[in-house]
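The next block holds one structure in the form of structure tokens; read it before the comments.
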Amino acid sequence: MRAAQLHVDGHDVGVAVAVTETARERMRGLLGRNHLSADEALLLKRCGSVHTFGMRFAIDVVFLSRQQRIVAIYHGVPRRRVLLDFRATQTLEMPAGAARRHRLAVGDCLAFEAVS
């Protein structure tokens with residue numbers, strides 16, 4: 001996985017994002033983790049659906065279009081759920097409450113600046 005910083009409408013919001021690069025990384029996702037800290041997120045490239053089977057904590061799920069615009073947000077998704085959005089090409093997973101804390105809204109444009 002590569003590291004990036006999340007920018008919302010051009011502003012750095014202080015969230016470190018792990019960006020998946022392989023199918024194996026996408027399949028593993030957050031499984032096996034006990035939590036995500038408030039300043040962490042996971043970006044699943046080429047992914048328009050997710051599940052929370054086997055998860056140990058609730059997450060916010062943000063679906064993104066090809067242009068990295070938010071097309072849908074699901075807050076506090078508990079374990080044992082399946083979500084999909086046919087408009088989405090990427091999915092951002094954040095700790096529950098993070099989308100509201102960062103005031104993310106449908107239509108916002110996100111950018112992921114690589115961290116060296």
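Under full-length UniProt numbering, the residue at position 67 of the sequence shown is numbered 67, and the numbers go up by one with no gaps. Even glycine gets a Cβ: it sits at the ideal position worked out from N, Cα and C.
CB of residue i within 8 Å of CB of residue j, strictly
i, j, result
"Ala58", "Val77", "yes"
"Val71", "Val19", "no"
"Gln68", "Ala111", "yes"
"Arg2", "Ala114", "yes"
"Glu93", "Gly29", "yes"
Closest Cα partner of residue i within the set the options
i, options, result
"Ala75", "Leu104, Phe53 and Gln68", "Going by the sequence as given, residue 75 is His instead of Ala. Comparing Cα positions, the closest option is Leu104."
"Thr89", "Gly29, Val17, Ala23 and Gly48", "Gly48"
"Arg79", "His51, Glu93 and Met94", "His51"
"Leu84", "Gly54, Leu64 and Asp12", "Leu64"
"Ala38", "Phe86, Phe53 and Asp60", "Asp60"
"Gly32", "Phe86, Gly54 and Thr91", "Gly54"
Alpha-carbon to alpha-carbon, residue j and residue i
i, j, result
"Ile73", "Val62", "5 Å"
"Asp108", "Ala99", "11 Å"
"Asp9", "His102", "12 Å"
"Arg46", "Arg56", "24 Å"
"Asp12", "Ala96", "20 Å"
"Gln5", "Val17", "6 Å"
"Glu40", "Glu21", "17 Å"
"His7", "Thr91", "15 Å"
Buried or exposed by the 16-neighbour rule on C-beta atoms within 10 Å, applied to residue i
i, result
"His35", "exposed"
"Ala23", "exposed"
"Leu43", "buried"
(message) As an exercise, report each continuous alpha helix (DSSP H) stretch of at least 4 residues that is fully enclosed by the segment 54–115, in chain order.
(response) 98–101
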